[in-house]
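Taken in order, the sequence shown gives residues 1 to 168; the numbers are from the UniProt record's numbering.
Glycine is no exception: its CB is placed at the ideal position from the N, C-alpha and C atoms.
None of the values given here were measured: they were computed from a predicted structure.
Have a look at the structure below, then the notes.
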Amino acid sequence: SDDVWIKMLNKELKYVHDKGFIQQHPSLQPKMRSILLDWLMEVSEVYTLHRETFYLAQDIFDRFMLTQKDIGKDQLQLIGITSLFIASKIEEIYPPKLQEFAYVTDGACNEEEILAKELVMLKALKWELCPETVISWLKLYSQVDSLKDDANFLIPQFSQETYIQITQ
C-alpha cells in the first residue's frame, strides 16, 4: 500500500499541472475554460463515457495549454474535443468514432482537423498520457478504506463469552 501511494505521488509530480496557463494566452478569459469543460462533460454524458475519460481529457487539455503560447479562442473547441477523443481511445472499451466527435462540434471542427490536432497535442505532451486523475485517487482511497473496514470487522467487539452466549 505504501509502495502504491509513493508510485502515485511520483507519477503525479511527473505531470505538470498549473491552472495559471491562462496567462500564457492573452486572448482567453478564465471562464472560457469552465464553459469548455461544461460542454465536454455534456458530450461525455451524451456518449455515456466513463467519468475517468472526462478527467483524463481535462488533464490532457490543461497540460497541452501549458505547452503553448497565445492560443486563440477559436481553437479552444478543437483542442477540447481532441482531448476527449484522445482520452476516450485510452479509457473506453468502445470509444465513439471520430465522426461522432466532429458531429458534436456542430460544424466547428471536422475530422481532419481533429486528427491533425491530435498529432500536435501528442507530440507537445511527449506522449505522456497516463496521469493520476481524481478518479484514480478516489479508487485508491476507497480501497484503503475498505481494507480498514475489513480489519475492524475481524477485531472482536465483544468478549468470547458473549459470542458463546449468542450462539446458544
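Exercise. With distances taken from CA atoms, which of ASP70, LYS97, LYS69, ILE93 is nearest THR82?
Worked result: Distance from the Cα of THR82 is smallest, within the candidate group ASP70, LYS97, LYS69, ILE93, for LYS97.
Exercise. For the putative contact between LYS73 and MET32, defined by C-beta atoms under 8 Å, what is the C-beta separation to the nearest angstrom?
Worked result: 6 Å
Exercise. Where does GLY72 sit, in a helix, a strand or coil, going by DSSP?
Worked result: GLY72: coil per DSSP, three-state reduction.
For this session: Give the single residue among TRP39, GLU52, PRO30, LEU56 whose Cα lies nearest to the Cα of GLU128.
Result: LEU56
Exercise. Exposed or buried, which one is GLY107 when buried takes at least 16 other CB atoms within 10 Å?
Worked result: exposed
Problem set entry | Residue interval of the alpha helix (DSSP H) (run including PRO30) | 30 to 46
Exercise. What is the DSSP secondary structure of ILE93, counted as helix, strand or coil?
Worked result: Look at ILE93 here: in three-state DSSP terms it is coil, with no helix or strand label.
Problem set entry | Integer-rounded CB distance, given that HIS25 should sit under 8 Å from ASP59 | Not confirmed; about 18 Å, so no contact.
For this session: Compare the beta carbon distance of LYS117 and ILE90 with 9 Å and say whether it is the shorter of the two.
Result: No. Outside cutoff.
For this session: Just tell me which of VAL43, PRO30, SER34, LEU119 has its CA closest to the CA of ALA102.
Result: VAL43
Problem set entry | CA-to-CA distance, ASP3 to LEU36, given in whole angstroms | When rounded, the separation of the alpha-carbon atoms in LEU36 and ASP3 is 36 Å.
Problem set entry | Three-state secondary structure (DSSP) of GLY20 | helix
Exercise. Can you tell which of GLN23, PHE64, MET65, VAL104 has its C-alpha closest to the C-alpha of GLU45?
Worked result: VAL104
For this session: Kindly indicate the opening and closing residues of the alpha helix (DSSP H) around THR105.
Result: Per DSSP, THR105 belongs to no alpha helix (DSSP H) and is neither H nor E.
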